[in-house]
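Those protein sequence lines, which keep their order, are chains R and S. Just so you know, we're using the working numbering here: the first sequence kicks off at 1 and counts up by one. Just so you know, we're using the working numbering here: the second sequence kicks off at 1 and counts up by one. All remarks here apply to the structure that follows.
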Amino acid sequence: MNLILKVWRQSSRDEKGKIETYPISDISPDMSFLEMMDVLNENLISKGIDPVSFDHDCREGICGMCSMFINGEAHGPDRLVTTCQLHMRKFKDGDTIVIEPFRARAFPVIKDLIVDRSSFDRIQQAGGFVSVNTSGNTQDANAIPIDKHDADKAFDAATCIGCGACVASCKNASAMLFVSAKVSQYSLLPQGKVEATDRVLNMVNQMDEEGFGNCTNTGACEIECPKGISLENIARLNREYLAASIKD
Amino acid sequence: MSLKTSSIIRKVSMALSGLFLVVFLTQHFTINLTSVFSENIFNKISHFMGNNFLVQFILQPILIFGVVFHFIMGFILEYINRKSRDTSYVTFKGSSNSNWMSRNMIYSGIVILSFLGLHFYDFWIPEINYKYVEVLPLDQDRYYQELVHKFESPIRTTIYSVSFVFLALHLYHGFSSSFQSVGFNNKYSSALRLFANGFSIIIPLGFIFIAIFHHLKA
Ligand code: HEM
Ligand code: SF4
Ligand code: FES
């Protein structure tokens, strides 16, 4: 395949960026999108041009690092995949592909396609955990009976990989899907219920402080989420937040 | 209870004020609809609404507060949301993952707001003037004629009809969305969405029907 790539280049956080155009040829439809990016970078290096910086790690859809906004969609046109799981067969020979970093005030660009998503870490640190007393005789989690329905929902929420595609896709750059997944993952389980009130208040507070937008229920996040995290979680987050505000 | 505002509190207040306006809209529609069937009933109800103490001095101020709160909060949310993405995308394919209505609530809202301006000018200001400024004598039978008179103008009838199309667009996303906002998302949600979406099309169409009906009759 021969393609025209239009890639966002920005040398540092404070520098102004712009789109550069790079034609690329002999791309196999079986390559993953990141492999195609590797080929691009080899070409650039051989020409003495600074290669395009992009985030990646596992390359199998579990780490959530590969944050690219491809042709107007987070992780490209395919559904339920990350960029590393996207294949070039989703494109046609001769296509122009626009590649940008995830954009949100709370995700500042570090270089080219790499953005700083530590705002997610700070939200997580504000309450996305269960405090465990590691005294040596901690109760085995399997010994606590949990409704299958709740266990399944908690597990589904826990599959969120913190990639930020929800924020990137949302017209408001809202992080509600991420936060709702992290809140639901714990609040549905008995171990998480103990700290549920503080957790939801603190995590939402941190989310607002980081400068993410508000939810308009457009549903874009759910569609673009590589793990198919459901909007049901956002409704649960709203319920829990309201209940917690009244209790607090 | 903590009275701190937050993104969720703002959103829930948006939903509650929106739902309140939906209830008001239903009531308004029901009254208007009587004008199609009976001049007499329409006059009677209008007279009651216009002169009842509870309606005039308790419900009306609540309604005005509800509308003002809703649109001001709408603008506040829009401002925060725009600020949340300081650099915009070169290509953003919103249509691939969300519908037009949900992405353009502020624009459908602005059209409704402009319509409300016209609507106040048409009915509310003359009404206040009649009752409280000039203090004209009570006339139980004037309402129907005032209504028919307004819809003689094809321009006004067209503006009203177009505005109601935008109201339909606003509600088509807003009505069902407000349940999600207040945390209601369960096995009844798809039935509720069906109802809300049906309502959002039928009620505005009904208002358009009433406007055109009186225009053609005049
Ligand atoms: C007066 C002009 C109006 C403006 C400027 C306006 C603006 C808005 C905006 C911007 C939103 C989206 C908020 C968000 O991003 O979450 C919204 C939602 C909504 N609006 Fe309006 N609106 C207006 C009038 C109305 C009217 C007359 C009704 C009902 C008859 C209504 C019902 C709703 C509902 C139900 C929602 C959904 C709230 C939610 O998603 O939870 N609006 N409005
Ligand atoms: S909710 Fe989905 S899109 Fe958002 S961070 Fe988690 S996995 Fe990524
Ligand atoms: S590189 Fe790990 S999810 Fe894509």
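Where is the CB? At the ideal position from N, CA and C, for every residue including glycine.
With 16 or more other Cβ atoms from the protein chains shown falling within 10 Å of its own Cβ, Y160/S counts as buried. At the C-beta level, C170/R and G64/R stay beyond 8 Å of one another.
Contact between A104/R and A173/R holds, since their C-beta atoms are separated by about 4 Å, short of 8 Å. For secondary structure counted as the alpha helix (DSSP H) over 4 or more consecutive residues, the segment 178-206 of chain R holds these complete runs in sequence order: 190-193.
Leaving aside the five residues that flank I234/R on each side, the residues in its chain whose CB is nearer than 6 Å to its CB run, in chain order, M176, S180.
Taking A168/S as the centre and dropping the five residues before and after it, the same chain places the C-beta of S200, I201, P204 closer than 6 Å to its C-beta, in chain order. Interface annotation, R103/S: in contact with chain R, CB-CB separation under 8 Å. F69/R sits away from F91/R, with the two beta carbons spaced by 8 Å or more. An exposed status is given to K83/S, since fewer than 16 other beta-carbon atoms sit within 10 Å of its beta-carbon. With at least 16 other beta carbons inside 10 angstroms of its own, K227/R counts as buried. At a cut-off of 8 Å between beta carbons, L33/S makes no contact with chain R.
By the Cβ neighbour-count rule, A141/R is exposed, with fewer than 16 other Cβ atoms within 10 Å of its own.
Neighbours of F42/S in chain R, taken as residues whose beta carbon is under 9 Å from its own, are absent, since the nearest beta carbon is some 37 Å off. Assignment of beta-bridge partners to Y22/R by DSSP yields L5/R.
Per DSSP, reduced to three states, the secondary structure at S88/S is coil, with no helix or strand assignment. A191/S counts as exposed, since fewer than 16 other beta carbons sit within 10 angstroms of its beta carbon. Contact annotation for V90/S against chain R: I19, V98, E100 [CB-CB distance below 7 Å, chain order].
Distance from the CA atom of N104/S to the CA atom of I144/R, rounded to whole angstroms, is 47 Å. L113/S is the residue among V55/S, V12/S, L113/S whose C-alpha sits nearest the C-alpha of F71/S. DSSP, read as helix, strand or coil, puts H170/S in helix. With three or more CB-CB distances shorter than 8 Å, the segment 201-216 of chain R counts as touching the segment 5-15 of chain S. The C-beta of K11/S comes closer than 8 Å to at least one C-beta of chain R. The beta-bridge partner set that DSSP reports for K111/R consists of I114/R.
Taking 8 Å as the threshold, the shortest C-beta distance from F71/S to chain R does not fall below it.
Close to chain R, meaning a Cβ-Cβ distance shorter than 7 Å, is no residue of the segment 146-159 of chain S at all. Within the segment 36-86 of chain R, complete beta strand (DSSP E) segments of at least 3 residues are found at 68-70, given in chain order. Here DSSP, grouped into helix, strand and coil, assigns E222/R to helix. L16/S and E127/S have their C-alpha atoms some 28 Å from each other. Spanning the alpha carbons of T82/R and I114/R requires a straight line of approximately 15 Å. When only Cα atoms are considered, Q145/S and V22/S end up about 27 Å apart. Within its own chain, the residues whose Cβ lies closer than 6 Å to the Cβ of K153/R, once the five positions on either side in sequence are excluded, are L188, listed in chain order. Residue pairing by DSSP places I99/R opposite V7/R, I70/R in a beta bridge. Look at A175/R here: in three-state DSSP terms it is coil, with no helix or strand label. V7/R places its beta carbon less than 8 Å from that of I99/R. DSSP, read as helix, strand or coil, puts S17/S in helix. Residue side-chain check: D57/R places its Cβ nearer than 7 Å to a non-hydrogen atom of the ligand FES.
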